[in-house]
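Number 579 marks the last residue of the sequence shown (the working numbering); no jumps. A virtual CB, placed ideally from N, CA and C, is assigned to each residue, including glycine. If you're wondering where the values come from, they're calculated on a predicted model, not measured in any experiment.
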Amino acid sequence: MSTSASSRPGQGRSTGKAAEPRSGRPVRKASGSSQEDLVRAVPKAKVRRARLVLTRVDPWSVLKLAFLLSVALGILTVVAAVALYSLSDVLGIFDRVNDVIGTVLGSEAGRYTVASLAPLSTVTSLATVLAVVNVILLTALATVAALLYNLCASLVGGLGVTLTDD
């Protein structure tokens, strides 16, 4: 079975009829005097898929990324602690707590206030210490998790991921 070039649609000699593109819509030939030039519709491309397997994670890259993210989380922790302390002070929550302490302790309550038990400098210092401990722990745990993933991936082959092109 042979196919010649003239037997294919859209190729060979012109028969006077409008050629039909692959999309199935007829295309009108533009005349020299008219301003109508029709553009052929582009056929929709197929969705491309790629199946990949994540077999190894670089522990050094995980360490750097975990360090940066945990530092950002530490800064957020300190800022949130200061903001919550200030907001509680402005809203009068500390005054209400001082009133409750005064009711419970009676005459000895004058010595104990929220501002004397937990001043802003102490809250900020504790939040900073907590943030530094979190930076160290999160960085170390993420690196250990990367090493454990590499060990498990070498045993079972890794994590399969399918990526699609929309």
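What's the call for residue i, buried or exposed, on a 16-neighbour Cβ count within 10 Å?
i: Y498; result: buried
i: A528; result: exposed
i: G573; result: exposed
i: T552; result: buried
i: V475; result: buried
i: A494; result: buried
i: A454; result: exposed
i: G570; result: exposed
i: G519; result: exposed
i: A458; result: exposed
i: A418; result: Unreliable positioning characterises A418 in this predicted model, as indicated by a pLDDT of 46, which lies under 50. The coordinate reading is nonetheless provided below. A418 should be labelled exposed.
i: G487; result: buried
In terms of residue numbering, what span does the beta strand (DSSP E) encompassing residue i cover?
i: G505; result: Unbroken run through G505: none, as it is neither H nor E.
Relative to the C-alpha of residue i, which candidate in the options has its C-alpha closest?
i: L543; options: L572, L576, T490; result: T490
i: A559; options: A458, P472, V548; result: P472
i: I549; options: V484, A566, S520; result: V484
i: V466; options: D578, N563, L533; result: N563
i: K477; options: L554, G571, R462, Y525; result: L554
i: S534; options: A496, C565, R509, V510; result: A496
Just verifying my parser: in three-state terms, what is the DSSP assignment at residue i?
i: T575; result: strand
i: A463; result: strand
i: P472; result: helix
i: A454; result: coil
i: Y525; result: coil
Provide the residue span of the alpha helix (DSSP H) that contains residue i, from first to last.
i: A585; result: For the chain, the structure presents residues 414 to 579; residue 585 sits outside this window and is missing.
i: S520; result: Unbroken run through S520: none, as it is neither H nor E.
Contiguous beta strand (DSSP E) assignments of at least 3 residues, all confined to the stretch 475–501: none
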